[in-house]
Amino acid sequence: MINIIAAIGKNRELGKDNKLLWHIPEDFKRFKKITEGQVVIMGRKTYESLDKKYRPLPNRINIVITRDVNYSSSEVEKNGSRQARTIICSSIEEAINKAKEFHKEIFIIGGAQIYSLAIKYTDKLYLTLVDKDYPEADVFFPDYSEFKMVKEEKHQDKKYSYKFVEFIK
């Protein structure tokens with residue numbers, strides 16, 4: 002099964018300057034719980050935006066998509082045994098085909114370009130819907146109106162009102 006996991010604002014905002022627009026600890030916990038032990042597919046910019054201590058994401062098979070045929074990540078090389086868990090691909094199709102070889106759940110984790118390319122292959126969305134507008138956003142999640150909501154959990158912390166929502170095609 003191919004899944005997308007993302008957190009988005011009211012108008013499908015994803016981020017600005019390759020960074021998230023919010024910090025919601027419960028969202029990070031949910032992301033970890035859902036994706037651990039599975040395959041995650043991300044673009045190079047998303048990979049490079051991860052804190053170095055989490056690169057590659059531990060306890061997951063990491064697939065990084067880049068058009069740069071000479072791309073190699075020094076972090077992957079420095080982390081030694083973690084290198085086995087990182088694969089470089091040049092297209093979303095190549096990444097999905099490679100991910101299927103592992104017979105695990107596949108999670109597309111960003112960024113905006115990768116979400117746009119992957120949504121047509123996606124069976125399920127795991128979205129965190131942040132109840133706020135972010136006019137400063139410079140990247141957006143693609144239209145997902147063809148998906149149907151199957152689960153919704155409302156949450157509130159000191160700073161944000163948000164929902165964990167699942168959609169299927």
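Sequential numbering from 2 applies to the sequence shown in my numbering. Note that CB positions come from ideal geometry on N, CA and C, so glycine has one too.
- In the assembly as shown, D28 is a buried residue. Its beta-carbon has 16 or more other beta-carbons within 10 Å.
- Judged by DSSP secondary structure, N98 falls within the alpha helix (DSSP H) whose first and last residues are I93 to K101.
- Note that the C-beta distance between I9 and I42 is not below 8 angstroms.
- Taking R13 as reference, the option from P57, G38 and D134 with the minimal CA-CA separation is D134.
- In the three-state DSSP reduction, I5 falls in the strand class (E or B).
- By the beta-carbon neighbour count (other beta carbons within 10 angstroms, threshold 16), P57 is buried.
- By the Cβ neighbour-count rule, G38 is exposed, with fewer than 16 other Cβ atoms within 10 Å of its own.
- For E27, the three-state secondary structure derived from DSSP is helix.
- 8 angstroms or more divides the Cβ of N19 from the Cβ of F108.
- Cβ-Cβ distances below 8 angstroms link K99 to I64, I88 and C90 in the same chain, with the five nearest sequence neighbours on each side left out; the list follows chain order.
- S162 carries a strand assignment under DSSP once its states are collapsed to helix, strand and coil.
- For V151, the CB contacts under 8 angstroms within the same chain, skipping 5 residues up- and downstream, are E167, F168 and I169 in chain order.
- Going by DSSP, L118 is part of the alpha helix (DSSP H) stretching over A113 to A119.
- Residue nearest to R45 within the set F142, Y72, L15 and P143 is Y72 (criterion: CA-CA distance).
- Residue burial is scored here from C-beta neighbours: R68 has fewer than 16 other C-beta atoms within 10 angstroms and is therefore classed as exposed.
- Y127 sits buried, since 16 or more C-beta atoms from the chains shown fall within 10 Å of its C-beta.
- Going by C-alpha positions, P26 is about 32 angstroms away from E95.
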